[in-house]
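Some notes on the structure that comes next.
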Amino acid sequence: MSTKKLQHILYLFAIATIVCNAQGKETRPVKIFILGGQSNMDGCGLAEELPEAYAKPPENSMTWDNKKNEWTSLGTDSFAERREFKFGPEIAFAKVLAKKFPDHTIAIVKTSGGGTKLWKHWLPDQPMYIRFFKNFENAIESLETKGTPFEISGMLWMQGESDAEFLDWANAYEDNLKVLFEAVRLQTGKKELTIVMGRISIGLLRKTPWNFDFTPVVQEAQDIVSSQDKNVYIINTDKLKTLKDNTHFNTEAQIWLGKKMGKIMLKALK
């Protein structure tokens with residue numbers, strides 16, 4: 004066989020490989036994870052502090068851009084107001100899941116807002132709940148339009164600090180959380196949707212710019228919900244490092260939280 008003919012065959016093989024890979028990416032099934040909460044879900048992890056292992060997102064991951072209404076690469080911007088170039092638990096979480104499911108695309112749909120309260124913003128028909136599902140529905144509509152197979156695989160929740168400001172709010176947290184989780188499962192059509200929740204930190208009782216006097220009440224409520232629901236898992240965040248405000252998890256803590264959430268989600272999915 005002549006050298007010229009061999010080169011031509013190799014060229015055609017390379018083109019075929021590229022086409023097959025591209026088609027594989029388009030048809031690769033998607034695992035969707037919906038994320039909700041307040042500022043520690045927004046994330047105050049700094050992009051410039053990301054270790055090299057997390058600086059580049061997994062090839063088989065993506066996140067929904069709530070503003071542009073499109074899927075994009077999972078980066079270091081949380082798509083949350085006032086938090087440019089900062090991230091939450093999604094970075095490390097996606098890395099854990101992407102490694103375990105190399106034949107799937109790990110898709111993150113995150114809706115969060117600093118200072119939002121469960122009782123005021125996150126119950127059905129309230130502002131954050133409505134936004135939460137609008138973003139979710141836009142994301143899955145995009146996949147459906149392209150004919151991409153997908154499944155709703157789980158939810159991450161990191162919220163409760165603002166509900167610890169007053170005793171009435173804290174006392175209502177348990178019932179409100181149950182209402183939220185039940186509504187999410189009903190609306191997603193996943194009756195046993197796995198939910199991994201970060202418990203708010205006892206560090207909130209230190210000096211902060213805000214008042215979180217009833218942190219233990221919210222913590223207990225989160226523990227109770229987790230203990231009574233076999234598909235809700237809780238993570239103790241008491242030892243996680245925060246910024247100087249004793250409220251917001253730093254870069255190291257956000258990576259730890261995301262990894263922990265990922266490992267627990269993997270066990271639950273088995």
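Numbering (my numbering), first residue to last: 4 to 273.
We treat Cβ as the ideally placed atom computed from N, Cα and C, and that holds for glycine.
Continuous beta strand (DSSP E) stretch holding Glu62: start and end:
No beta strand (DSSP E) contains Glu62, which DSSP labels as neither H nor E.
Coarse secondary structure for Lys247, derived from DSSP in three states:
Looking at Lys247 - three-state DSSP - the assignment turns out to be coil, as it is neither helix nor strand.
Determine the extent of the beta strand (DSSP E) in which Thr151 is found, giving its start and end residues.
Counting along the chain, Thr151 falls outside any beta strand (DSSP E), and DSSP gives it neither H nor E.
Beta bridge counterpart(s) of Ser115 as assigned by DSSP:
In the DSSP output, where bridge partners are listed per residue, Ser115 has Gly40.
Kindly confirm or deny that the stretch 255 to 267 and the stretch 211 to 219 touch, where touching means at least three C-beta pairs closer than 8 Å.
Too few Cβ pairs lie closer than 8 Å, so no.
So the candidates are Leu246, Ala142, Val187; which of them puts its Cα closest to the Cα of Asn72?
Ranking the options by Cα distance to Asn72, first place goes to Ala142.
Which residues share a DSSP beta bridge with Gly157?
Beta-bridge annotation (DSSP): Gly157 is paired with Phe36.
Assigned secondary structure, Gly48 (DSSP; H/G/I helix, E/B strand, else coil):
Gly48 falls in the strand class under three-state DSSP.
Consult DSSP for Glu73 and reduce its assignment to one of helix, strand or coil.
Looking at Glu73 - three-state DSSP - the assignment turns out to be strand.
What is the rounded straight-line gap between the Cα of Pro152 and the Cα of Asp178?
Taking the straight line joining both Cα atoms gives about 35 Å.
Pull up the DSSP beta-bridge partners for Val235, would you.
BP columns for Val235 point to Ile198.
Is it true that the CB of Gln225 sits closer than 8 Å to the CB of Phe90?
Not in contact: Phe90 and Gln225 (Cβ atoms no closer than 8 Å).
Leaving aside the five residues before and after Thr191 along the sequence, list all residues of the same chain whose C-beta is less than 6 Å from its C-beta, in chain order.
The residues are Ile155.
Whole angstroms are fine: how far does the CA of Lys270 sit from the CA of Lys233?
Looking at the two C-alpha atoms, the distance is approximately 13 Å.
Between the C-alpha atoms of Glu185 and Lys34, what's the straight-line distance to the nearest angstrom?
Using only the alpha carbons, I get a separation of about 21 Å.
When the Cα atoms are used, what is the spatial distance from Leu243 to Leu260?
Answer to the nearest angstrom: the Cα atoms are 8 Å apart.
Tell me the residue span of the alpha helix (DSSP H) that contains Glu185.
Counting along the chain, the alpha helix (DSSP H) containing Glu185 begins and ends at 176 to 191.
Taking the alpha-carbon of Gly157 as reference, which of Glu55, Glu93, Glu51 has the nearest alpha-carbon?
When each option's Cα is compared against that of Gly157, the closest is Glu93.
By DSSP's criteria, Phe252 is part of a beta bridge. Which residues make up the other side?
Thr245, per the DSSP bridge assignment.
Going by Cα to Cα distance, which pick from Thr254, Arg134, Leu272 is closest to Glu52?
The option with the nearest alpha carbon to Glu52 is Thr254.
Count the CB pairs spanning the stretch 109 to 122 and the stretch 131 to 149 that are closer than 8 Å, and state whether there are at least three.
With three or more CB-CB distances shorter than 8 Å, the stretch 109 to 122 counts as touching the stretch 131 to 149.
Taking 8 Å as the threshold (C-beta atoms), are Phe36 and Ala95 in contact?
In this structure, Phe36 does not lie closer than 8 Å to Ala95 by Cβ.
Please state whether the Cβ-Cβ distance between Thr66 and Leu49 is less than 8 Å.
No, these two residues do not count as a Cβ contact at 8 Å.
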